[in-house]
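>
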Amino acid sequence: MLFRSLARCLAEFGWEKKAALEGKKIDGRYHGIGIGCFIEGGAAGPRENARFVVEPGGTIAIYVGSSAIGQGLETVFAQIAADALELPFEAVRIFHGSTPYLKEGFGSYHSRAVVMGGSAMLAAAETLKKEIRTEAARRFSCAPEDIVFAGQKISGPAGASMSYADLAGLTAEGTFANHHHTYSYGAHAAHVAVDVETGRVRVLDYVATEDVGRIINPATLKGQIIGATVQGLGGTFL
Numbered sequence: 227m228l229f230r231s232l233a234r235c236l237a238e239f240g241w242e243k244k245a246a247l248e249g250k251k252i253d254g255r256y257h258g259i260g261i262g263c264f265i266e267g268g269a270a271g272p273r274e275n276a277r278f279v280v281e282p283g284g285t286i287a288i289y290v291g292s293s294a295i296g297q298g299l300e301t302v303f304a305q306i307a308a309d310a311l312e313l314p315f316e317a318v319r320i321f322h323g324s325t326p327y328l329k330e331g332f333g334s335y336h337s338r339a340v341v342m343g344g345s346a347m348l349a350a351a352e353t354l355k356k357e358i359r360t361e362a363a364r365r366f367s368c369a370p371e372d373i374v375f376a377g378q379k380i381s382g383p384a385g386a387s388m389s390y391a392d393l394a395g396l397t398a399e400g401t402f403a404n405h406h407h408t409y410s411y412g413a414h415a416a417h418v419a420v421d422v423e424t425g426r427v428r429v430l431d432y433v434a435t436e437d438v439g440r441i442i443n444p445a446t447l448k449g450q451i452i453g454a455t456v457q458g459l460g461g462t463f464l
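For any residue, its number in our numbering is found by taking its place in the sequence shown, counting from 1, and adding 226.
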């Protein structure tokens, strides 16, 4: 798979044609091309926690120990929670990285937030759905298996139904423990030109290919890759 990422990068970059430019002086600038491959681990443990609370208005407040530090976590977490609960995106609210929210939280580092926090949220979502089934079955005098989730409605036999607002105060917690890592890999290629008189470097082309696993939000993913590329270029130039 790493080779496939490298091969795709070379193809998109046009390596065979550009290789002829390596070290050549054109219009007063020397051209150079380079490539770098990486394998990077993420999802450091030991665990992460999440808590779901049904609010009076029917929205779900989600408290998670992973912290948002500019990587778009609030959006991604809301997507994960909404999908897990089969609710609209607007029906969930994310609260993150504050000690009053949870008994324990581990934060954001080692590319862990989505894997650890998101998985803890999935566990909490399953627990909340069980709690809802149990409470709704009690109110409808039926078996928990008879409860059906339909958007923001919870339905029972004989047309009985209620909203999430009717279940305000219901809570559920989830924990995800992990002692393994996830791994991403990829290849980046750059074509630059250097003015030998001024020392100015111009990036003429840059291609990045990365295998990132399951994509939750394509726009966020693209932004992170661009941001990482610019950060790397900044470190190189400065």
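Every residue, glycine too, gets a C-beta built ideally from N, C-alpha and C.
Which class does residue 465 belong to by DSSP, given the choice of helix, strand or coil?
There is simply no residue 465 to check, as the chain begins at 227 and stops at 464 in what is shown.
> Find the nearest neighbour of residue 431 within the set 285, 300, 293, 419, judged by alpha-carbon distance.
Working through the sequence shown from its first residue, we reach residue 431 at position 205. That would be 419, whose Cα lies nearest to the Cα of residue 431.
> Quick test of the definition: if touching needs 3 or more C-beta pairs under 8 angstroms, does the stretch 379-395 touch the stretch 319-335?
As far as the Cβ criterion goes, the stretch 379-395 does not touch the stretch 319-335, which means the pair count is below three.
> Grouping DSSP H, G and I as helix and E and B as strand, with all else coil, what is residue 231?
As a working note, residue 231 is residue 5 in the sequence shown. It is helical.
> Does DSSP put residue 390 in a helix, a strand or coil?
The residue labelled residue 390 in the question sits at position 164 within the sequence shown. The answer is helix: DSSP assigns residue 390 an H, G or I state.
> According to DSSP, what are the bridge partners of residue 406?
Start at 1 with the first residue of the sequence shown, and residue 406 comes out as number 180. BP columns for residue 406 are empty, so no partner.
> Let me check understanding here. Comparing Cα to Cα, which of 360, 298, 248, 268 lies closest to residue 411?
Here residue 411 refers to the residue found at position 185 of the sequence shown. When only C-alpha atoms are compared, the closest one is 268.
> Would residue 415 and residue 239 be called neighbours here (beta carbons separated by less than 8 angstroms)?
Position 189 of the sequence shown holds residue 415. Position 13 of the sequence shown holds residue 239. Their beta carbons are under 8 angstroms apart, which means residue 415 touches residue 239 by this criterion.
> Would you mind working out which of 439, 280, 357, 365 sits nearest residue 340, comparing C-alpha positions?
Along the sequence shown, read from residue 1 onward, the residue named residue 340 stands at position 114. Here the closest residue by C-alpha is 439.
> When the Cα atoms are used, what is the spatial distance from residue 423 to residue 256?
Counted from its first residue, the sequence shown places residue 423 at position 197. Counted from its first residue, the sequence shown places residue 256 at position 30. Distance between the alpha carbons of residue 423 and residue 256 is about 11 angstroms.
> Go through its chain and collect everything with a Cβ distance to residue 357's Cβ below 7 angstroms, but skip five positions before and after it.
On the sequence shown, residue 357 is found 131 positions in, with the first residue counted as 1. Correct list, in chain order: 396, 398.
> Between 429, 259, 235, 266, which lies nearest to residue 409 when the distance is taken from Cα to Cα?
On the sequence shown, residue 409 is found 183 positions in, with the first residue counted as 1. The residue with the shortest Cα to Cα distance from residue 409 is 266.
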